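**Student:**
There are 2 protein chains.
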Amino acid sequence: MENGDMVDRRSGVPAFRQVAADLRDKISAGDYAPGDRLPSERELVETYGVSRPTIRDAVNVLRTEGIVTAEHGRGVFVRPPSSIRRLSRSRLSKAARDRNQGAFLADAAAGGFMPSTSVKIRFEQADERVASLLAISAGDEVTVRDRLMRADGLVVQLAVSRLPRKFTRDTTIEQVDTGKGGAYARLEEAGHAIATFAEYVGARMPTPEEASALQLAEGTPAITVTRVAYGSDGIPLEINDMVLPADKYELSYEWVAD
Amino acid sequence: MENGDMVDRRSGVPAFRQVAADLRDKISAGDYAPGDRLPSERELVETYGVSRPTIRDAVNVLRTEGIVTAEHGRGVFVRPPSSIRRLSRSRLSKAARDRNQGAFLADAAAGGFMPSTSVKIRFEQADERVASLLAISAGDEVTVRDRLMRADGLVVQLAVSRLPRKFTRDTTIEQVDTGKGGAYARLEEAGHAIATFAEYVGARMPTPEEASALQLAEGTPAITVTRVAYGSDGIPLEINDMVLPADKYELSYEWVAD
DNA sequence: TAGTGGTCTAGACCACAGC
DNA sequence: CTGTGGTCTAGACCACTAT
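In structure tokens:
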């Protein structure tokens, strides 16, 4: 900032935005490196010549942008870029599925972290969206497997899997432990081998529940993935709604041209 | 909220979070429907028995969650769910490429909107990341096509495409108008047909520049897509960094199992 | 104990929208 | 003109961290 770091009162730009922009510039210029503590709010009050609420507004801009985090009693710190784990989708190979219990554990094996999951089973009636994706009627019964995946103890993924109940009756899919090969193996035994997958990827800000479950820092979006598994006859067998922390994951897809 | 909508001072939960939670609940319960105006901040002051800055803190929580937007002089409104356009990746078919100038125009044709793009050409030296993705040396010259895509006048996508300059010299790829079939057609004419694609999908909060270019409302993340196009010999020919508004797009991928 | 961020107040004035 | 959100002040007290 030019004039001894004071804000320009005549520029028309709100003071808190000027301060935010100045701090942002200093961070990207390396004046404050990742992990560094910013000057305290009271120091910034002196530096910029504005009141503390104004400084807090400025810092909040950077917090919601995800470039700093505040720690109560300690200070405000420049967020180090978090290491991104690349999840290769399009690779739910049968071999990998046979070895263990599904995509997440396959990813774990590849990523070298200690996985654990908790599962809750419930049954519900398909709403509009679920019915449409599963090609059943709204109100039809679906089996719901609500999962919480941990890597080295940290929750890293929420996944809710839904299958038409007509495909899961009298199978271990309706139990917590689906057995070797997971739910897909049980479906195959029942004559419903998976033939194709579709995934729909989006992003949004997390709900408060998701934010606390995934321990998301402020300013961290969630990646949403809806995977639909189809049988060889094109019938949808399962939809899986996943929520991932956007600061930890990147999805990768590969395909051949034409 | 229970006690005549006043906040509970003894609960330990900050007043602004109680107000935010109450408003959030009322919105999801339908008391305030999409498009509805919330009570004015001064009315909420009376309702909850807190000061106006506290009300503003509460409303800001909802704004950064993307569930309301404030309009100066008019009020705070419940954000209607925006219509999501589904972009089918894995479908950059040669036929579609031949018909026009690339993936965006193909999407436009499918989506039924009026597309327009502006392009800036520049040349730069590959940084670490670009060099690694393009399998060249850091510092090698790359041709950069910086694009801004509009649909019906609105900016809906930023895309920066980089190719090793050794592949673009003496081609129209180094000009604004690449000609029929786009850059991929020119590459193919030069003996570099595209064989495979890879895409890496992530999400993050937009930079201020991206937010204003894409006219993103507060609390709207950006989806980032990095597409790498490979030749038949496995050599990377192009990387394309795209930024999309997460409230308008969903990406779809399909593949066959095994 | 001292320093940090977290919360909150009771105002004030400004800029914009709409009648 | 009135009502709306946007900005800002000058404090106060609390809760947490570190020494």
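The listed protein sequences correspond, in order, to chains Y and X.
Counting the first sequence from 1 gives a position; my numbering is that position plus 1.
Counting the second sequence from 1 gives a position; my numbering is that position plus 1.
Here a beta-carbon is modelled for each residue, glycine too, at the ideal position from N, C-alpha and C.
Please read these numbers as outputs of a predicted model, since none were measured by experiment.
Find the nearest neighbour of ASP199 (chain X) within the set X:GLU239, X:GLU211, X:MET206, judged by alpha-carbon distance.
**Tutor:** The sequence shown places Ala at residue 199 (chain X), not Asp. The alpha carbon of ALA199 (chain X) has as its nearest neighbour, out of X:GLU239, X:GLU211, X:MET206, the alpha carbon of X:GLU239.
**Student:** Can you pull the chain Y residues whose beta carbon is under 8 Å from the beta carbon of PRO222 (chain X), in chain order?
**Tutor:** ALA204, ARG205, MET206, PRO222, ALA247
**Student:** In whole angstroms, give me the CA-to-CA distance for ASP58 (chain Y) and ALA16 (chain Y).
**Tutor:** 9 Å
**Student:** Measuring only the C-alpha atoms, how far is THR173 (chain Y) from LEU24 (chain X)?
**Tutor:** 42 Å
**Student:** Using the beta-carbon count (16 or more within 10 Å), is HIS73 (chain X) buried or exposed?
**Tutor:** exposed
**Student:** Counting only beta-carbon separations shorter than 9 Å, does VAL257 (chain X) have a partner in chain Y?
**Tutor:** yes
**Student:** Check the C-beta distance from GLY76 (chain X) over to GLY220 (chain X) and give it rounded, since I have them as a contact under 8 Å.
**Tutor:** Incorrect: roughly 17 Å between the Cβ atoms, too far for contact.
**Student:** Is the beta carbon of ILE137 (chain X) less than 9 Å from the beta carbon of ALA152 (chain X)?
**Tutor:** no
**Student:** So, helix, strand or coil for ARG86 (chain Y), using DSSP?
**Tutor:** strand
**Student:** Quick check: is the beta carbon of TYR33 (chain X) nearer than 9 Å to any beta carbon in chain Y?
**Tutor:** Not flagged as an interface residue toward chain Y: TYR33 (chain X), since no C-beta distance is shorter than 9 Å.
**Student:** Does the beta-carbon of ARG163 (chain X) have 16 or more other beta-carbons within 10 angstroms, so that it is buried, or is it exposed?
**Tutor:** Result: buried.
**Student:** Using the C-alpha atoms, what's the distance from TYR231 (chain Y) back to SER12 (chain X)?
**Tutor:** 49 Å
**Student:** Kindly list the residues whose CB is nearer than 6 Å to the CB of LEU155 (chain Y), restricted to its own chain and excluding five residues on each side of it in sequence; keep chain order.
**Tutor:** none
**Student:** Does the beta carbon of PHE78 (chain Y) come closer than 9 Å to any beta carbon on chain X?
**Tutor:** no
**Student:** Strictly under 9 Å for the Cβ-Cβ distance: is GLU251 (chain X) near chain Y by that measure?
**Tutor:** yes
**Student:** Opposite PHE198 (chain Y) in the DSSP bridges: which residues?
**Tutor:** Y:ALA230, X:TRP256
**Student:** Using a cut-off of 9 Å between C-beta atoms, extract the partners of ARG86 (chain Y) located in chain X.
**Tutor:** By Cβ distance, chain X contributes nothing, its closest Cβ being about 11 Å from ARG86 (chain Y), past 9 Å.
**Student:** Report yes or no: do the stretch 198-214 of chain X and the stretch 181-190 of chain X share at least 3 C-beta pairs separated by less than 8 Å?
**Tutor:** no
**Student:** When the cut-off is 9 Å and only beta carbons count, does ARG100 (chain Y) lie next to chain X?
**Tutor:** Note on ARG100 (chain Y): pLDDT 49, under 50, position unreliable in the model; the coordinate value appears next. No - not a single Cβ of chain X is within 9 Å of the one on ARG100 (chain Y).
**Student:** Give me, in chain order, the residues of the same chain whose beta-carbon lies closer than 6 Å to that of SER253 (chain X); leave out the 5 immediate sequence neighbours on both sides.
**Tutor:** ARG87, SER89
**Student:** Nearest to THR169 (chain X) by CA position, among X:GLU189, X:VAL157, X:ALA160, is which residue?
**Tutor:** X:GLU189
**Student:** Just how far apart, CA to CA, sit VAL46 (chain X) and SER41 (chain Y)?
**Tutor:** 31 Å
**Student:** Would the beta-carbon of ALA194 (chain X) fall within 9 Å of that of PRO222 (chain X)?
**Tutor:** No, Cβ-Cβ distance for ALA194 (chain X) and PRO222 (chain X) is not below 9 Å.
**Student:** Suppose the cutoff is 6 Å on Cβ atoms and the five residues either side in sequence are ignored; what does the same chain contact list for ASP242 (chain Y) look like?
**Tutor:** VAL161, THR227
**Student:** What residue from Y:ASP37, Y:LYS27, Y:LYS167 has the CA that sits closest to PRO237 (chain Y)'s CA?
**Tutor:** Y:LYS167
**Student:** Suppose you measure from the CA of PRO165 (chain X) to the CA of GLN158 (chain X); what does that come to, to the nearest Å?
**Tutor:** 23 Å
**Student:** Where do the ends of the alpha helix (DSSP H) carrying SER213 (chain Y) lie?
**Tutor:** 209-214
**Student:** List, in chain order, every chain Y residue whose beta-carbon is nearer than 8 Å to that of GLY67 (chain X).
**Tutor:** ARG205, MET206
**Student:** Would you decide whether ALA21 (chain X) is buried or exposed? Buried here means 16 or more other CB atoms lie within 10 Å of its CB.
**Tutor:** Looking at its Cβ environment, which holds 16 or more other Cβ atoms inside 10 Å, ALA21 (chain X) is buried.
**Student:** Counting only the same chain and skipping the five closest in sequence on each side, list residues whose C-beta sits under 6 Å from that of ILE56 (chain X).
**Tutor:** GLU42, LEU45, VAL46
**Student:** Which word fits ILE122 (chain X), buried or exposed, when buried means at least 16 other C-beta atoms lie within 10 angstroms of its C-beta?
**Tutor:** exposed
**Student:** Work out the CA separation of SER84 (chain X) and GLU211 (chain X) for me, nearest whole Å.
**Tutor:** 20 Å
**Student:** Near ASP259 (chain Y), what residues of its chain come up, given a Cβ to Cβ distance below 6 Å and the 5 sequence neighbours on each side ignored?
**Tutor:** none
**Student:** So, helix, strand or coil for LYS249 (chain X), using DSSP?
**Tutor:** coil
**Student:** From the beta carbon of PRO165 (chain Y), is the nearest beta carbon of chain X less than 9 Å away?
**Tutor:** no
**Student:** Leaving out the 5 sequence neighbours to the left and right, which residues in its chain are closer than 6 Å to MET115 (chain Y) when beta-carbon positions are compared?
**Tutor:** ASP153
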